[in-house]
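Take the position in the sequence shown, starting the count at 1, then add 2; the result is the number in my numbering.
Glycine included, every Cβ here is placed at the ideal spot set by N, Cα and C.
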Amino acid sequence: MATPSITISEAESRVMEVLWRKAPQTSEEIVATLQQECDWHDKTIRTLLGRLLGKGAVSAEKDGRRYLYSPMLGREQWQSQESRSLLDRVFGGRLSPLLAHFSQHEKLNARDVAELRKLLDAIEKKER
Numbered sequence: 003m004a005t006p007s008i009t010i011s012e013a014e015s016r017v018m019e020v021l022w023r024k025a026p027q028t029s030e031e032i033v034a035t036l037q038q039e040c041d042w043h044d045k046t047i048r049t050l051l052g053r054l055l056g057k058g059a060v061s062a063e064k065d066g067r068r069y070l071y072s073p074m075l076g077r078e079q080w081q082s083q084e085s086r087s088l089l090d091r092v093f094g095g096r097l098s099p100l101l102a103h104f105s106q107h108e109k110l111n112a113r114d115v116a117e118l119r120k121l122l123d124a125i126e127k128k129e130r
């Protein structure tokens with residue numbers, strides 16, 4: 003059975019990034035980190051944390067008088083959901099139009115091209 007997708011906003015993803023780097027953390031630790039990175043108000047950060055908790059993207063475990071927060075949604079799972087959503091919404095679910103767009107409108111450096119070639123070679127080997 004497939005895991006249900008959890009949709010998170012761009013702002014919520016910033017909170018998740020903090021937890022993906024280190025978990026568990028208290029809300030005070032999360033607030034301190036995000037205030038340095040984003041200059042957000044502590045109430046905003048706590049609201050985002052509460053939303054993520056309600057969505058099941060994070061868990062909270064009581065530790066004395068405080069809670070320790072941990073991610074329930076993995077970074078790779080989120081990246082997969084987000085990339086699939088982008089492909090479906092913008093490129094009709096197809097990868098080649100996305101790559102064509104980037105090759106025509108964005109600067110692909112030699113390293114990017116080499117990495118793409120390596121990926122394509124790996125895909126071709128798998129299909130044989």
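In the structure shown, the three-state DSSP call for residue 35 is helix. A straight-line Cα-Cα distance of about 20 Å links residue 72 and residue 82. Unbroken alpha helix (DSSP H) runs of no fewer than 4 residues, entirely contained in the stretch 13-97, are found at 29-40, 44-57, 77-93, following chain order. Counting along the chain, residue 118 sits inside the alpha helix (DSSP H) bounded by residues 112-129.
Comparing alpha carbon positions, the residue from 112, 95, 58 closest to residue 7 is 58. By the 16-neighbour rule on beta-carbons within 10 angstroms, residue 9 is exposed. Residue 125 counts as exposed, since fewer than 16 other beta carbons sit within 10 angstroms of its beta carbon.
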